[in-house]
Every structure is written in structure tokens, then in C-alpha cells.
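Asks: Chains as they are written, first to last, in the working numbering: chain B, 1194 to 1443; chain Z, 13 to 469; chain G, 5 to 203.
Ideal Cβ positions, reconstructed from N, Cα and C, are used throughout, including at glycine.
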Amino acid sequence: MPTVGLFIPCYVDQLYPQVGMATVKLLEKLGCEIAYPEQQTCCGQPMANTGCINETRPLAQRFVEIFKQYEYVVCPSGSCTAMVRCHYAEFFTDEKSKADYELVRDKTFELCEFLTSVLKVDSISGSFPHQVGLHQSCHGLRDLRLGSSSERVEESYSQARSLLEQIDGIQLSELSRADECCGFGGTFAVSEEAVSCMMGKDRIADHGQAGTEVLTAVDMSCLMHLDGLIRRDGTPMRVMHIAEILAEVV
Amino acid sequence: MNHPAQAAKFIEDEARAHWHDESLWFVRAKRDKAAQTLPEWEQLREKASQIKEHTVSHLADYLEEFSENAAKLGVHVHWAKDGDEHNEIVLSILEKHSVKRIVKSKSMLTEECHLNPYLEKQGIEVVDTDLGERIVQLRNEPPSHIVLPAIHIKKEEVGELFHEHLQTEAGACDPEYLTEAARNHLREKFLQADAGITGVNFAIAETGGVVVCTNEGNADLGTALPNLHIACMGIEKLVPRARDLGVFLRLLARSATGQPITTYTSHFHGPRSGAEMHIVLVDNGRSNLLGQAAFRRSLSCIRCGACMNTCPVYRRSGGHSYEATVPGPIGSILAPARDTEKFYTLPHACSLCGSCTDVCPVKIDLHHQLFAWRQKIAEQGLLPFVKTSSMQATSFLFRHPKLYRFLGSVGRRIAACLPRFLLYNKLNPWGKQRELPIIPLESFSKQYKKHRKDHDQ
Amino acid sequence: MTSKDHILNAIRKQSAPKTDLPNLEGPWIEYANLKSQFVDSVAAVGGECRSVKNFQAVKSELDQLPVFQSAKKICSLVSEVVSGNVELNEIADPHDLEDVDFAIAAGEFGVAENGAVWVNSGTMQNRAVYFISQHLALVIPGNQLVHNMHQAYERLVFPEPGFGVFISGPSKTADIEQSLVIGAHGARSLVVFLVDEID
Chain B
1194 MPTVGLFIPC YVDQLYPQVG MATVKLLEKL GCEIAYPEQQ TCCGQPMANT
1244 GCINETRPLA QRFVEIFKQY EYVVCPSGSC TAMVRCHYAE FFTDEKSKAD
1294 YELVRDKTFE LCEFLTSVLK VDSISGSFPH QVGLHQSCHG LRDLRLGSSS
1344 ERVEESYSQA RSLLEQIDGI QLSELSRADE CCGFGGTFAV SEEAVSCMMG
1394 KDRIADHGQA GTEVLTAVDM SCLMHLDGLI RRDGTPMRVM HIAEILAEVV
Chain Z
13 MNHPAQAAKF IEDEARAHWH DESLWFVRAK RDKAAQTLPE WEQLREKASQ
63 IKEHTVSHLA DYLEEFSENA AKLGVHVHWA KDGDEHNEIV LSILEKHSVK
113 RIVKSKSMLT EECHLNPYLE KQGIEVVDTD LGERIVQLRN EPPSHIVLPA
163 IHIKKEEVGE LFHEHLQTEA GACDPEYLTE AARNHLREKF LQADAGITGV
213 NFAIAETGGV VVCTNEGNAD LGTALPNLHI ACMGIEKLVP RARDLGVFLR
263 LLARSATGQP ITTYTSHFHG PRSGAEMHIV LVDNGRSNLL GQAAFRRSLS
313 CIRCGACMNT CPVYRRSGGH SYEATVPGPI GSILAPARDT EKFYTLPHAC
363 SLCGSCTDVC PVKIDLHHQL FAWRQKIAEQ GLLPFVKTSS MQATSFLFRH
413 PKLYRFLGSV GRRIAACLPR FLLYNKLNPW GKQRELPIIP LESFSKQYKK
463 HRKDHDQ
Chain G
5 MTSKDHILNA IRKQSAPKTD LPNLEGPWIE YANLKSQFVD SVAAVGGECR
55 SVKNFQAVKS ELDQLPVFQS AKKICSLVSE VVSGNVELNE IADPHDLEDV
105 DFAIAAGEFG VAENGAVWVN SGTMQNRAVY FISQHLALVI PGNQLVHNMH
155 QAYERLVFPE PGFGVFISGP SKTADIEQSL VIGAHGARSL VVFLVDEID
């Protein structure tokens, strides 16, 4: 029975607890032993994205301390996982801390990644008879390579998509731009507000023309931004994190 | 300069911003199609990346080899430490030949050095012959894209411009008609020119030759008619051997416009008989970049523009919003290197989506370099106080989990009760076009505790 | 200190880790039918490629070509194929070529992946003819085709002083609202003749 240390993004903890609970439900249904280390707060991504390395360092260090005891570390967020796997190395330069970090790095997974590569989920029994639009969150896609990117010449694959495809009754939207950024980008959403919102509205319009009823992604941050636009504009679309869909059907 | 403000202005004209975004996405799509025709595309990129990395790591040796070989072919080779010296060198060559009229094919390097206004002040006529460049020249504005200089201009506007300057019919905006007018107008300029200035796409160390790629044939007409050719290049444009061009030429046009190759790929090995050829090698901060491990790979850039075409921010804010010779992702790395204080908003004009890195033919880690720039900018104290202090406060909070949970719970309770006008106002940029998330009463950690309790009973 | 020394010193002072030049081995694309790929590639870039038996066939094709028929000033660099009325070596100043309507010249080989033809003009004073002529035709031996640019550079020997150019299709631009217009500053049309029997 795999033991999982749950890594729940700070904004999910505070603003979207249902996504965290769906992750718990899902992993427990799949036979994992869950632990949620209470000491965790944030991986430091907002600080790092702003260039504030000194403010990021202590958060990175405490993250490794907190999570090093678990067999696996699983996170319902591509960008937070990418932060740990791709941007933490500079904080662990001496031999001992580097070894600790690398151990944690190698067992930290985004949720869909964990389901497909570790748990090897290859059949889902439930049904979700809706037209679902999968938004390919950028950090998961291009930093963690959770799926093929449209820019590259490579065989097409997407871990999130492969999970959704197994669900009975689901229809997946065909978009005109397969993996364009939603425009959240962290503090970018506020510092470049005009561009951020135009980007988000364009994604929503693409999903609209494709017939999306339920917009999903591996990152709640993308969905928070898109949902904000959807609700302000009254667009007939709802937003669900992929953990919520999978928890319903598994 | 402030990119967010410029971008917001650009987006005010929503229809136009969409048109600009669609135009550039169209070029990105053509690039994708072209790349897909070559199953070996990713291997080509890897080779190109390695060739450039090797070249940059041996740059001084290759520069010496290049200049010796070029001299053997009868080319006059000049070295310029910076843009000013470049301009002075070009002027002195022109003055020696009593040049009054120049035709110039596209050279971002000469843009970088601000060559045109410098020469014009000396009474020399400089005509940019690339159609897009000629259009922006007549409009008295800089190019907004390094490959598609006039991508931000509509054909009706070109029609008006040509009506004013080339006496085309009022209201005529058919691209074929307008291009024909430009062809005839520029033909006169080619025939009257005393000298031709070109850029350099690739300089070959082993042969001393330079390669110039165009679709229009303007570099060729500009150098085959006048008896003086001055080729201006950044020192990073070198490739070691002629056969390395096989890699780059397969990547360049496909990345830039989706064509398999440009119409003309001209190899200049010395002047033609009866003519004179000069090459000006320009540093202007490149040796400085070479010394910075985080940004060294930006010197691999072959100026294809693919990063601009794919960048969702560039497409929605336009090249002029960057106020830099080279805009877009690569420009947001190069400009702060020149003037960090002026350009500090550029590395932040980015959602870190990584699309640029995936299209770059030489595999520059563009979005990682933009991320690295943000660190430098913070270190240099260029971030506004509001940003740094809020990051310090939040970091503190995140190091004290009990305090974080307490304040989180208090904050949520307050936010849930606040009237709309307090939540949505000028102080809340998030709320300008978006709703805030629906505030939950309980955090995840609280709900999980309950869940654990229920399950463990 | 000269600027040259200043620049070279500035570079050498930096410690960029030295990396190796990679080998240039593929797998690089090769086509099942080299000739038909070349013909398709020339068409894709806005030109036209005709495969013919011999020089006589080229001449008769040209005679049917409207832009050749209407050409008043013709410059031929391949007199074995067709003769023109503008003698390039009698032109003292390339500016005098401005009214050439049609030029026909020899190319050395073609590249299938992009329809390019390698034209070598050496130090010839009047290379403007390739670009200033309103229309251009290039003649290459039918068996002188390579699959891709790597193979192209394997054949090219540099430095030969002078000028060489890959010409792929007629001149073009899309600078006005991304609308493709054929015929920018160079030739308005390009015909490539692949000749089986070179006399």
C-alpha cells in the first residue's frame, strides 16, 4: 500500500478545500495511505516568480524537511510540483542537503502523473456524461512534460487526457489552440492584468466554440483565473479540478 | 518604460488586439506545419543548440579565424566595441567613397546601433528596402517584429501611406497592387544607390564568408548594383564551418515563417570584381553576456522571431510595447542586459508558459532565463516596495504555520462578509474583470482533520 | 589597444565552459522519389519545375512560355539552350541590366526538401542579372538532385571567391497583412528545368 504525503497548494488549502478533499477521496479509493503533514504551508512559488529568492529559500528548505519521510509526495497542481522538481536545486548546494532534496524531488508527483506512472491506473469504472474541456496547464505540460506540447514534433500524449478518456460518457473538446496559456501566471495575473484577462477570455471563447460544459485542468490556479472570468461574464460553463472529476468516477 | 501600461493601451482597441493576435498565431501555425514535415526536427534543434554552444565557448578563436579568412578574400574587416563605434566606422567607409545614397536590407544590428538617424544627420539618404521595413520607415516608427516589421499595420493603412508617399490610388489597399508600387519605387532606389548595407544571418569562420537570407531579393539587388557592400554583424552570428549551415538553414525559415527556406540564401565570399566589401563585427554588450552563465545561451539566437509568434503576451501587446530593438521573449532577456533599470518590467511581461523555449530552433531556455532575470532584478532593488514587502510578509507567514492558518481563517471570514464595493474597487486589480473565488468557510486542513476523525473512528 | 584586441580580450576573459562540436549525422530526411519531391517543392515555393529530355526540349518549352514570348530583352547564360539579345560580358555596368525581362542561367544542383537551386556566379561582375530580371529560368542536370541541405553542403566547396546563392522559387513577400505576394524585388516567376541529357 503506497504511503502518500499530501502536498496541498496554499491557495487550495485556503480557497478550494474541495479540491484537496477530492484528492484525498481519490487516492484513498485507489488504495493509498494518506498523510497530510500539518506543518506545510506553501512551496514558495509566488516568491520565486517575483525573483525574491531569499524569501523562497526558507520555504524550500522546510518543504524538504516536512516531506522527506514519505514514500511519495503527491500534489494536485502541476505548477507547485514543477516548483519543487525544477526550481529548488539552487537552495540545496551542500552535499547533505542536496541528497535530501534529490530524494524528495524524485518522489514528488503531480496527481495525474502519480495515477498514470506510479499507480498505473488503466481503467475507470464510473461515468461522467458531459463535454469536458481539458485546459493544458503550462507548468505541468512544459516543465514536467505531463503531456506533449504542440510546439514540439513528438508523439502525442497527455496523462490527464488519458485518464479522462477512460471515463464512460465523457466527451473531450477539440480546441483550436491545444495548449495556449490561460494567462494566470501567478502575480502576472495582477501586474499585467489587461493581457492576463484577454488571454483568459480567449481560452474561454475557444472552449465555448468547442462546446465545453465543464472546464478542467490539473492546476486550480488556472481554473481560479478562468472561473473568475466565467462568473463575471456569466458564461454558461463550470469549472472543476481534475481531482474532482476523478474522485466522482473512480 | 512600463510594459503593463503599454500593453493595456494596446488592448484598449480589442478588435485590433485580436486581429494582431490572430495574425501572429497564423505564423506560429505555419511554423508548426513546417516542423511536422521533418520527423528529425527535435534532433536538428539539438544539433543547432550544441553547435552554437560550442561556437560561443570558442568565440574569440572563431572570430580570429573568420577575420583572417575574410581578409584573404579581399574583404575589409572592422571591429566595433559598441554601437557608436559601429556607426563611426560605417560613416568613415561611406565618406571615403563619397556615398550620398544607401540601400539597406534588414539588419536588426543596425537598428540596435541606431545607424539610420546617425547617417541621416550626416546628410546621407538611407532607404530600408525590406518591404516591411520600408513601410515603418515611411511611417517614422521602429519595426514591431524582427522578421515581420509591419505585422501591426493593416493594409488600409499601408494604402494610405503609399498614397501619400508613392502616389498610389487613394483608398487602394490590395497587397499585390501596393507591393508592385513598392517594387517600382525601390527599384529606383537600388539603381541610384552608391552603397548597399546588409545584415548577416550567418558568418562562416572556416571560409570567411557571410550568408544573408531574404525572400525579396533586396539584399542581392542592394549588393549587386552599387560597388560598395558593408555587412554589419553581431559577433555571435558565427558558425564554425560551412556544413553547419545545413543545420541552421533547415531550421531558420521554418521557424520564422513556416517556409522550408527563404527564396534567396546568398553566400558572399569576398567582393565581386570591381567592387569593395566591408564587414563590421560588433560587440556592443555581447562579450558581457558571454560571461554570465545564466544568460550566455541567449547568444545562440539566430533572430528567427519564432518566440515572438508563439508568445501569448507579445501577440496581445505588440512589439512596440517593449520599447526595445528586439521585443518578445528573447528581447526581454537582451534588453535588461543593456539597461536593467529601464527594462525591469520586461522579464515580468511573461506568464512563464514556456512556449517560447519549445519553439526556439536553438533550444535557448528562454523562460528559465526570464525567471533568472527576475532574481537579478529583485537583487538590484528594482522591484517596487509594495511587491518586495508583500513577499517578505507572506514568506514570514508561510514559515509560521499556526499563524498562517489563523490569519487565513480570519481573512476568509472577513472577506465572506465584506460588501461588494469594498472587495471590488480600484485597489483590487484582480477584480477589474474577474470575480474573486467564492470564499469557503473552512480550509482544507480543517476539513481534512474532520475527515480523519470520521475515518479513524 | 585596438578595438579588435579589446573585444577578443573581453571574450577570452570570460570563462564559458568549452563544449564540443557535435557530429552532423542524421537521420536526415530522404525521399522515396527524389525528382518528384523536388518538383513538388519548387511548386510549393511558388515556382515551377519541368522535367525535360534535352536542351532542345527546354528551348521549345520556353517558346511556349508567355513571359518568354513577350520578353523584349533576354539574357541567356546558357547559349547552348537558347540565345538571348543581351550579352552579359558586353555589359560594362550592371545597372544597364535594369530592363532585362527574362534571364536564363545554369544551376549546379537542386535540393528536394525545399526546391532550392544552387547557383554559383563566382566573382562575376554582373550577378545582378539573377535578381534584376523580371523573370528567371534555371537549368540543372536532371540527375543533380540531393535530398536535403546536409547533402547540399557536402557537395559545396568553399571558399571559392565570389558569390553563390540558393534560389528557391520566385521572389516574394507577405509583409502586407501576411498576404503572400509573388514578385517582390527579384524575379516575378521562376521556372526550373531538369534536363536529362546534358550535351
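Report the CB separation of B/E1385 from Z/T322 in whole angstroms; it is logged as a contact under 8 Å.
Replies: 17 Å between Cβ atoms; not a contact.
Asks: Let me know the alpha helix (DSSP H) ranges lying completely inside the stretch 131-204 of chain Z, each 4 residues or longer, listed in chain order.
Replies: As far as the stretch 131-204 of chain Z is concerned, its whole alpha helix (DSSP H) runs of at least 4 residues are 143-150, 167-178 and 187-204.
Asks: With distances taken Cα to Cα, identify the nearest neighbour of G/P21 among Z/D186, Z/N14, Z/H70 and Z/E218.
Replies: Among Z/D186, Z/N14, Z/H70 and Z/E218, the Cα nearest to that of G/P21 belongs to Z/H70.
Asks: Taking Cβ to Cβ, would you say G/F170 is nearer than 9 Å to Z/D232?
Replies: no
Asks: Using 8 Å as the threshold, is the stretch 209-228 of chain Z in touch with the stretch 68-88 of chain Z, meaning 3 or more CB pairs across them?
Replies: yes
Asks: Z/V224 and Z/S312: beta carbons closer than 9 Å?
Replies: no
Asks: Decide if the stretch 233-244 of chain Z is in contact with the stretch 57-71 of chain Z; the criterion is three or more beta carbon pairs, one per stretch, under 8 Å apart.
Replies: no
Asks: Could you spell out the range, first to last residue, of the alpha helix (DSSP H) harbouring Z/W385?
Replies: L378 to E391
Asks: Which chain G residues are close to Z/L237, counting only those with a beta carbon under 8 Å from its beta carbon?
Replies: P98, H99, A132 and I136
Asks: Can you list the alpha helix (DSSP H) stretches of 4 or more residues lying completely in the stretch 239-271 of chain Z, in chain order?
Replies: Fully enclosed alpha helix (DSSP H) runs of 4 or longer: 257-268.
Asks: Which residues in chain Z sit within 9 Å of B/A1382, going by Cβ to Cβ distance?
Replies: S363, P441, W442 and R446
Asks: Report the three-state DSSP secondary structure of G/L69 (helix, strand or coil).
Replies: Note: G/L69 maps to coil in three-state DSSP.
Asks: Please name the residue, chosen from G/I15, G/V86, G/L81 and G/E91, that lies closest to G/V123 on a Cα-to-Cα basis.
Replies: G/L81
Asks: Return the chain-ordered ranges of every beta strand (DSSP E) run that is complete within the stretch 264-350 of chain Z and spans a minimum of 3 residues.
Replies: The qualifying runs are 276-281 and 288-294.
Asks: List the endpoints of the continuous alpha helix (DSSP H) containing G/R54.
Replies: Element bounds for G/R54: not the alpha helix (DSSP H) but the beta strand (DSSP E), E52 to N58.
Asks: Can you say whether Z/F410 is buried or exposed, counting buried as having 16 or more other CB atoms within 10 angstroms of its CB?
Replies: buried
Asks: Considering G/S193, what are the terminal residues of the beta strand (DSSP E) in which it resides?
Replies: S193 to E201
Asks: Threshold first: 4 residues or longer. Then list the alpha helix (DSSP H) segments lying entirely within the stretch 1231-1290 of chain B, N to C.
Replies: 1238-1243, 1246-1260 and 1271-1280
Asks: I'd like to check one pair, G/L149 with G/F113: are the Cβ atoms closer than 9 Å?
Replies: Contact flag set, yes.
Asks: Given G/G88, which residues of its chain have a CB within under 7 Å of its CB, disregarding the five upstream and five downstream residues?
Replies: Result list for G/G88: I78, C79 and S80, in chain order.
Asks: Quick check on G/R192: buried or exposed, where buried means 16 or more other Cβ atoms within 10 Å of its Cβ?
Replies: buried
Asks: Note the first and the last residue of the continuous alpha helix (DSSP H) segment covering Z/E124.
Replies: M120 to E124
Asks: Indicate the three-state DSSP secondary structure (helix, strand or coil) for Z/K375 in the structure shown.
Replies: coil
Asks: What is the DSSP secondary structure of B/A1371, counted as helix, strand or coil?
Replies: Collapsing the DSSP output to three states places B/A1371 in coil.
Asks: Sorted by chain position, which residues of the same chain lie with C-beta nearer than 6 Å to Z/G343's C-beta, five sequence neighbours on each side aside?
Replies: Y334 and A336
Asks: With C-beta atoms as the reference, is B/K1222 less than 9 Å away from B/V1443?
Replies: B/V1443 sits close to B/K1222, with the two beta carbons spaced by under 9 Å.
Asks: Count Cβ pairs between the stretch 1405-1415 of chain B and the stretch 1325-1333 of chain B that sit closer than 8 Å; are there 3 or more?
Replies: Three or more beta-carbon pairs separated by less than 8 Å link the stretch 1405-1415 of chain B to the stretch 1325-1333 of chain B, which places the two stretches in contact.
Asks: If we call anything under 9 Å between Cβ atoms a contact, is B/G1376 one with B/S1320?
Replies: no
Asks: Tell me whether the beta-carbon of Z/L106 lies closer than 9 Å to the beta-carbon of Z/L240.
Replies: It is a contact, given that the beta carbons lie within the stated cut-off.
Asks: Run through chain Z and tell me which residues come within less than 7 Å of B/T1234, C-beta to C-beta.
Replies: F410, P413 and Y416
Asks: Using the three-state DSSP reduction, which class does Z/T219 fall into: helix, strand or coil?
Replies: coil
Asks: How close, in whole Å, do the beta carbons of B/E1303 and B/L1337 come, if the pair is a contact with beta carbons under 8 Å?
Replies: 6 Å
Asks: Taking only beta-carbon positions, decide if Z/A347 is within less than 9 Å of chain B.
Replies: It does not; no Cβ of chain B falls within 9 Å.
Asks: Taking DSSP as the reference, what is the three-state secondary structure of Z/H109?
Replies: coil
Asks: Over the uninterrupted alpha helix (DSSP H) stretch that includes B/C1390, give me the two end residues.
Replies: E1386 to A1403
Asks: State the Cα-Cα distance for the pair Z/F485 and Z/E153, rounded to the nearest angstrom.
Replies: Summary: the structure shown does not reach residue 485 of chain Z, with chain Z confined to residues 13 through 469, and so no result is reported for it.
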